[in-house]
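Undergrad:
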């Protein structure tokens with residue numbers, strides 16, 4: 001079993017942060033980096049400008065549905081699917 005120490009946690013945090021920056025860069029759009037307006041930046045530009053540093057400490061900046069990325073309630077979705085299958089049978 002690998003040791004999960006402070007260095008390992010920092011590496012994991014940076015890995016997740018890079019993945020988020022790649023995701024935001026793939027969306028495209030206009031970003032403000034270092035007080036300049038940049039259209040469709042590459043992920044490395046977002047990373048170097050330390051854009052949205054809140055993602056380094058937490059996975060989501062707030063608990064709203066849009067920031068969480070929650071589209072539907074998983075438990076309710078499973079119950080609804082089971083109900084529909086039982087109706088068909």
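Residue numbers (full-length UniProt numbering): 1 to 89.
All C-beta atoms in this analysis are idealised placements derived from N, C-alpha and C, irrespective of residue type, glycine included.
1. Apart from the five residues just before and just after residue 37, which ones in its own chain have a Cβ nearer than 7 Å to its Cβ?
2. Can you list, in chain order, the residues of its chain whose CB lies under 7 Å from that of residue 39, leaving out five sequence neighbours each side?
3. Taking only three categories from DSSP, how would you classify residue 82?
4. Strictly by DSSP, which residues pair up with residue 117?
5. Hey, quick one: how far does the alpha helix (DSSP H) through residue 89 stretch, first residue to last?
TA: Let me lay it out:
1. 30
2. 30
3. helix
4. This structure leaves residue 117 out entirely; the chain is present only between 1 and 89.
5. Taken as a continuous stretch (DSSP letters only), residue 89 belongs to no alpha helix (DSSP H), as it is neither H nor E.
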